[in-house]
Amino acid sequence: MGQTAPARAQERIRVVTTTTDLRSLTEAVGGDLVDAVSLVPANFDAEEYQPKPQDVLRLKDARLVVRVGLDYDLWFDRLLEATAARELRRGGPGYVDASWGIAPLEVRGVTVGPGDGHAHGSGNPHYWLDPKNANFITANILEGLARIDPANAKTYEANRQAFLARLSAKLTEWETRLAPLRSMPLIAYHNSWPYFARRFRLDFVDFLEAKPGVPPTPSHLAGIIEAMRTHGARMVVREPYEPERDVAFLAAKADASVVVLAASVGALPGTGDYLSLFDTDVAALVDAAAAR
Amino acid sequence: MIEAIGFLWPSFLVAVCLVGIHAYFGIKILARNVIFVDLALAQIAALGATVAFMLGHPAQSLATYGYSLTFTLLAAVLLAFTRTWATRVPQEALIGVIYVVAAAASILLIDRAPQGAEHLKQILTGNILTSGLGEVATIVPLYLAVALVHFLLRHRLAQSGSVFWEFVFYATFGMVVTSSVALAGVLLVFSFLIIPASIGVMFASTLPRQLAIGWIAGVLTSAVGFAASFAFDLPTGAAIVCAFGVALALAGLVYPFVRGNHFVALGITVRAVRWGVAALIAGSAIQLAVTPRADLPLIDMLEHAAPTFRNLYFTMAEAAAYQDASEYAERHRLAAEQLIEQERRSRTQGEALDEAAMQRISSFLKSYAEMRRGEQFVMSEVRARARERVRWSVSLGLLAVALLLAPLPWRRLWARLPR
Chain D
51 MGQTAPARAQ
61 ERIRVVTTTT
71 DLRSLTEAVG
81 GDLVDAVSLV
91 PANFDAEEYQ
101 PKPQDVLRLK
111 DARLVVRVGL
121 DYDLWFDRLL
131 EATAARELRR
141 GGPGYVDASW
151 GIAPLEVRGV
161 TVGPGDGHAH
171 GSGNPHYWLD
181 PKNANFITAN
191 ILEGLARIDP
201 ANAKTYEANR
211 QAFLARLSAK
221 LTEWETRLAP
231 LRSMPLIAYH
241 NSWPYFARRF
251 RLDFVDFLEA
261 KPGVPPTPSH
271 LAGIIEAMRT
281 HGARMVVREP
291 YEPERDVAFL
301 AAKADASVVV
311 LAASVGALPG
321 TGDYLSLFDT
331 DVAALVDAAA
341 AR
Chain S
892 MIEAIGFLWP
902 SFLVAVCLVG
912 IHAYFGIKIL
922 ARNVIFVDLA
932 LAQIAALGAT
942 VAFMLGHPAQ
952 SLATYGYSLT
962 FTLLAAVLLA
972 FTRTWATRVP
982 QEALIGVIYV
992 VAAAASILLI
1002 DRAPQGAEHL
1012 KQILTGNILT
1022 SGLGEVATIV
1032 PLYLAVALVH
1042 FLLRHRLAQS
1052 GSVFWEFVFY
1062 ATFGMVVTSS
1072 VALAGVLLVF
1082 SFLIIPASIG
1092 VMFASTLPRQ
1102 LAIGWIAGVL
1112 TSAVGFAASF
1122 AFDLPTGAAI
1132 VCAFGVALAL
1142 AGLVYPFVRG
1152 NHFVALGITV
1162 RAVRWGVAAL
1172 IAGSAIQLAV
1182 TPRADLPLID
1192 MLEHAAPTFR
1202 NLYFTMAEAA
1212 AYQDASEYAE
1222 RHRLAAEQLI
1232 EQERRSRTQG
1242 EALDEAAMQR
1252 ISSFLKSYAE
1262 MRRGEQFVMS
1272 EVRARARERV
1282 RWSVSLGLLA
1292 VALLLAPLPW
1302 RRLWARLPR
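One line per chain: the protein sequences are D and S, in this order. Under the working numbering, the first residue of the first sequence carries the number 51, and numbering increases by one thereafter. Under the working numbering, the first residue of the second sequence carries the number 892, and numbering increases by one thereafter.
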C-alpha cells in the first residue's frame, strides 16, 4: 500500500490554475484524479502578479490550465506564450477560460488581451464571487478535464453534480443568513463585489478606489462620506491586501466599522476552499451588522 | 465642497509640517550632494518593518517601529562611512546600491509571507489625503526634537569629516524620513525634500534666507497643489508633486531676471521661446508629411482644445461623418452606462433579475462596447483620410510659419542677397 500511494500521485492529472478559487473548484470537479496548483498565492493581487521561475516548471508538468479571463489575469497570456506547450495555449485542448458562458457585469470597454476572433467585453472580472457562477466555472473545468481524460469523464461529472448539490444547499443557508442585510448600504475599497452583491442583494454604494492603482481625489472622498451619511452606510469592506489606513480614515469620518472580507480562497484564515470562503465572508458580514 | 475642505485642511497642515523639516534637510542634502539618500533610508525602514512583520509583529506595534528604527540607525552608520569610502566610486552610487538592495531584499522576504505585498505597499505609499490631526500630533514633537538637536549641534554638524557627526545627521534624517514616507509616500517626500530647498539655494546664499525662501515656496506650492487637486478632482499626492515640478520650472525661468541683466534675460527668453515654438511646428509639419495617419500630438492637442479647428481641413461631408460618429459613440456610451446603472439598481431593488435577463444585459453591454469602438474607428479613419488629403499643402504652410517664427536674422540675409 505504501508503495502504491506515490505511484497514484504520479498518475494524477496536473492542473495549473491562475487563482486559488479556480484551484478549489478544479479540485471539486477532479477529486482524487487531479493535482491542482494555483500560480497566484492566496492574498496576492492576481491582477498585478509577476510570474516566477517555479511557475514555468509548474506549467511544464501541467496537462490542463484554468484561468479567470475577462482581463483579470492578463499576465498569464505572456507566460503561456513564452513557456507552455502548444496544447496549453489559447485554443488548445488543455486551455480552459473559466469565464466562458458567464454574463459579465459592468462591461464598459472591449478586452485589451489577445483575442480569439470573438467580441469579448471586459466586464468586472470578479465573477467567482457569485456562487451560482460556479455552475459555469465547473462546467468549463469539466469540459476541459473530459477533453484530456475522456476515460474518467463520468467520474468528473458525478463529482461536479455532488459539489453543486452541496453548494446549492449552502447557498440557501447563506441567502437566509444575509437576508437581514438586504439593501443595507455598504462601501468597499475596490469594486470587487458586484457579483456577490447581486446574488445576496447587497447594496455597494460607492468605492474608495474608483480606478485600480489611482488614489482617491478629495471630492471623490467627500462624495463617499456624503453618500455614507445620506444612505446611512455603516460598514466599509476591505480585502486583506488593501490599504488599512485609507479605509480606517473613512470609517472614522463616517462612524462606520471596517469589515475584512476575502475575495479569494485562502485570503483569510478559514477560507481553505470555495465553500468556506463564502462561509467566512457571510459570517463576517452578519457579525459586523449585528455589532452595529 | 465644505466636506472636502473639512478634511483637506488637516492634511494641508501635515504638508506644512513636512515642508518645514524637509526644506531644512533638503538644503543639507543638496550641500552633501546625496540626493537620493531619502529613498535609501525609507527603503531600509521598510525592510526593518518587513522583518518585524515576518517575525509576527502587527503593523502598527512598538516592536515594528523598533525594528524600523534599528534598521534605519544601522543604515545611518553605513551612510556615515560612505563618504570616506567614496574615493573612486561616487557616494551617490553607494547610496543607490543601498536603495536597490534594501528594496530587493524586502521583495524576497515578502515573497515568503502571506499577505505580505500589501504590507510593503502600506509602508511606502502613504496617502496625504487620509492623514490628519492624529498624525500632526505625532510628527510635530519628533520634528521639533530633531530640529532642536540640529540647532544645538549646528556648528558640529556643519563641519564635515567626522564619521560620528555624519552618523548623527543621517540618523536624525532617517527618523524624519521614515515617519514622513509612511504618511505621504516616496514621491511626495522626495519633492518636499528637494524642491523647496533647490528654490531656496537658487535665490539665497545664507541658511536662514534659503530656509525662509524654501518654506514660503513649499507652503505656497503645497497650497496650490491642494487647490488644484480639489478644483480639478485629481489625486492629491500626485497633484502636489506636479505643482512642485511647475514651481521649480517657474523658479528657473525667474532666476535670470533676478540674478542677471533683465534685458539680456528677456532677449534670451524670447529667442528661446521662438526657437521652441518654431521647432514644434516644423516637427509637426514633417510628421504630417511623412506619417499623416499617425498620432500628431500638436494637432491632436489643438483639436482637443478647440474642436472647430478640424473644420479648417475637413470637407463638409467629412465633418458631418465625424460629427455623426462621435454622437453615436456618445449615445452608445450613455446607453451602456444606463444599462449598467439599471442592473446595479436591480441588485437590491424589486425582483432579482434571472439568468436569462442577465445574459441579455451582458450581451447588450458587449454590443454597445463594440459599436462604440466601431464609431471611434470611423472617427479616426475620417480624420486620417482628411489629413492624408491635405498633408502636402498644410505641412508646407506649417513649415513656412515655422521659418517665419524662428529668430533667424532675416534682415541680414535679405541684405546679403545678390541683386
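We treat Cβ as the ideally placed atom computed from N, Cα and C, and that holds for glycine.
Does any residue of chain D bring its CB to less than 7 Å from the CB of Asp1124 (chain S)?
yes
Who pairs with Met285 (chain D) in a beta bridge, going by DSSP?
D:Leu236, D:Ser307
Check whether the segment 1278–1293 of chain S and the segment 195–213 of chain D touch, using three or more Cβ-Cβ pairs below 8 Å as the test.
no
Nearest residue (CA-CA) to Ala994 (chain S), options S:Thr961, S:Val1077, S:Gln982
S:Val1077
Nearest to Thr975 (chain S) (by Cα), restricted to the options S:Gly947, S:Ile1190, S:Ile912, S:Phe1058:
S:Phe1058
Reducing DSSP to helix, strand and coil, say where Ala86 (chain D) ends up.
strand
Just list the residues that DSSP pairs Arg64 (chain D) with in beta bridges.
D:Asp85
Which bits of chain A does Arg232 (chain D) rub up against, with CB to CB less than 9 Å?
Checking the listed chains, one finds no chain A in this structure; the protein chains it contains are D and S.
Going along the chain, which residues of its own chain have a beta-carbon closer than 8 Å to the beta-carbon of Ala1210 (chain S), five neighbours each way excluded?
Arg1201, Asn1202
Between which two residues does the alpha helix (DSSP H) harbouring Val1054 (chain S) extend?
1054–1075
Using 7 Å as the threshold, is the C-beta distance between Glu1026 (chain S) and Val905 (chain S) below it?
yes
Span separating the alpha-carbon of Thr1182 (chain S) from that of Pro1198 (chain S):
22 Å
Alpha-carbon spacing of Leu1308 (chain S) relative to Val1161 (chain S), whole angstroms:
27 Å
List the whole-angstrom C-beta distance separating Ala317 (chain D) from Ile275 (chain D), where the pair is believed to meet the contact cut-off of C-beta under 8 Å.
Contact flag wrong, Cβ pair sits at about 27 Å.
Please decide whether Thr70 (chain D) counts as near chain S, where near means a Cβ-Cβ distance under 7 Å.
no
If contacts are defined as beta-carbon pairs under 8 Å, then Lys1257 (chain S) and Val157 (chain D) qualify, I think. What distance do you get, rounded to the angstrom?
6 Å
Cβ shell of His168 (chain D) (< 7 Å), same chain only, five flanking positions each side left out
With a pLDDT of only 43 at His168 (chain D), under the threshold of 50, the placement of this residue in the model should not be trusted; the figure read from the coordinates follows. Answer for His168 (chain D): no residue qualifies.
Please classify Ser1089 (chain S): is it buried, with 16 or more other beta-carbons within 10 angstroms of its beta-carbon, or exposed?
buried
Please state if the CB of Ser242 (chain D) and the CB of Ala338 (chain D) are separated by a distance shorter than 7 Å.
no
Using the C-alpha atoms, what's the distance from Asp85 (chain D) back to Leu1139 (chain S)?
59 Å
In chain order, what residues of the segment 241–274 of chain D put their CB closer than 8 Å to some CB of chain S?
Pro244, Ala247, Arg248, Arg251, Leu252, Asp253, Val264, Pro265, Pro266, Thr267, Pro268, Ser269, His270, Leu271, Ala272
Rounded separation between Tyr1146 (chain S) and Met1093 (chain S) - CA only
8 Å
Any C-beta of chain D sitting closer than 7 Å to the C-beta of Ala1260 (chain S)?
yes
May I ask you to verify whether the segment 244–258 of chain D touches the segment 1239–1247 of chain S, counting CB pairs closer than 8 Å and requiring at least 3?
yes
Specify the secondary structure class of Val1292 (chain S) as computed by DSSP and reduced to three states.
helix
Could you tell me the boundaries of the beta strand (DSSP E) in which Asp253 (chain D) lies?
253–257
Can you find the residues in the same chain that come closer than 6 Å, C-beta to C-beta, to Ala134 (chain D), ignoring five residues on each side of it along the sequence?
Leu109
What does Ser1120 (chain S) reach in chain D if we use C-beta pairs closer than 7 Å?
Thr267, Pro268
Give the range of the beta strand (DSSP E) segment to which Arg117 (chain D) is assigned.
114–117
Span separating the alpha-carbon of Ala59 (chain D) from that of Val66 (chain D):
Residue confidence is low: Ala59 (chain D) scores 49 on pLDDT, short of 50, so the model does not pin down where it sits. Its coordinate-derived value is still stated next. Rounded to whole angstroms, Ala59 (chain D) to Val66 (chain D) spans 15 Å at the Cα level.
Tell me the rounded alpha-carbon separation between Tyr1367 (chain S) and Ala937 (chain S).
Because residue 1367 (chain S) is not part of the residues shown, which for chain S are 892 to 1310, the question remains open.
Starting from the Cα of Arg1276 (chain S), find the closest Cα among S:Leu1289, S:Ile998, S:Ser1070, S:Ala1180 and give me that residue.
S:Ala1180
Whose C-beta lies closer than 8 Å to the C-beta of Leu921 (chain S) among residues of the same chain, with five residues either side of it excluded?
Ile1085, Ala1088, Ser1089, Val1092
At a CB distance below 8 Å, what residues from the segment 212–237 of chain D approach chain S? Give them in sequence order.
Arg232, Ser233
Rounded to a whole number of angstroms, what is the C-alpha to C-alpha distance between Ala940 (chain S) and Val264 (chain D)?
24 Å
Where the beta strand (DSSP E) through Val146 (chain D) begins and ends
145–147
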